[in-house]
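Asker: Once you've had a glance at the structure underneath, I'll fire off some questions.
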Amino acid sequence: MKLRSDIQFWDMFKTSLQLVPNLTNIYQTIKIQRLQRRLKDNENKLKRISSLCSDSILSEKYITERIFPVVLSDLIEEHEEAKIELILNGFENVFIDEKHEESVVINLFDTLRTLRYIDIKRLLYLANEIDDYMTFVNGQYKICINGHEK
211 MKLRSDIQFW DMFKTSLQLV PNLTNIYQTI KIQRLQRRLK DNENKLKRIS
261 SLCSDSILSE KYITERIFPV VLSDLIEEHE EAKIELILNG FENVFIDEKH
311 EESVVINLFD TLRTLRYIDI KRLLYLANEI DDYMTFVNGQ YKICINGHEK
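First residue of the sequence shown? That's 211 in my numbering, and the numbers climb one at a time after it.
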């Protein structure tokens, strides 16, 4: 009986391994389509960033080899659509503020990557940068405006 179940498991495992290349291709296609949609949805912001980049005193090598790959990876991998605008704002501010300190820029994107959008909104609210935020209480989202739940 044990031998039979071991053989069935092994057969199932081998079949699964044969599917991996197909699943990988499907997953990569989904990621590429998501990136294309995000680029299209943020076309105006990307044009502005491109314009700022061309006028920037920052090194082309610094941007193309160090910062842009991080931003591109985040645009591809991020699951929360709401954070895409924050990622692009961060990239835009690299040029506006002429941020040449790589560790500061990488730290910004690392922070964005690790926090959920709802957490970022809460931090902005606590810093008095925004007047409202959403909280998750007892399994429900609630909107707080000026400290009062709605």
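Glycine residues also receive a C-beta, built at the ideal position from the N, C-alpha and C atoms.
1) What's the C-alpha gap between W220 and V230?
2) To the nearest angstrom, how far is the alpha carbon of D284 from that of N299?
3) According to DSSP, simplified to helix, strand and coil, what is Q350?
4) If you run the structure through DSSP and keep just helix, strand and coil, what is L325?
5) What's the C-alpha gap between F319 and L249?
6) How is the alpha helix (DSSP H) around K293 delimited, first residue to last?
7) Rounding to the nearest angstrom, what Cα-Cα distance links N252 and I340 in this structure?
8) Measuring CB to CB, does F301 end up less than 9 Å from D265?
Answerer: So, from the data block:
1) The sequence position of residue 220 within the sequence shown is 10, counting from 1. The sequence position of residue 230 within the sequence shown is 20, counting from 1. Taking the straight line joining both Cα atoms gives about 16 Å.
2) Numbered from its first residue, the sequence shown carries residue 284 at position 74. Numbered from its first residue, the sequence shown carries residue 299 at position 89. Their backbone Cα atoms lie some 13 Å apart in a straight line.
3) Stepping through the sequence shown from its first residue, residue 350 is reached at position 140. Of the three classes helix, strand and coil, the one that applies to Q350 here is strand, per DSSP.
4) The residue given as residue 325 occupies position 115 in the sequence shown. The three-state reading of DSSP puts L325 in coil, since its state is none of H, G, I, E or B.
5) Counting from 1 along the sequence shown, the entry for residue 319 is found at position 109. Counting from 1 along the sequence shown, the entry for residue 249 is found at position 39. If you take the alpha carbons of F319 and L249, they lie about 18 Å apart.
6) Indexing the sequence shown from 1 puts residue 293 at position 83. Unbroken alpha helix (DSSP H) run through K293: 292 to 306.
7) Within the sequence shown, numbered from 1, the residue matching residue 252 stands at position 42. Within the sequence shown, numbered from 1, the residue matching residue 340 stands at position 130. Those two C-alpha atoms are separated by around 22 Å.
8) Counting from 1 along the sequence shown, the entry for residue 301 is found at position 91. Counting from 1 along the sequence shown, the entry for residue 265 is found at position 55. Cβ atoms of F301 and D265: not closer than 9 Å.
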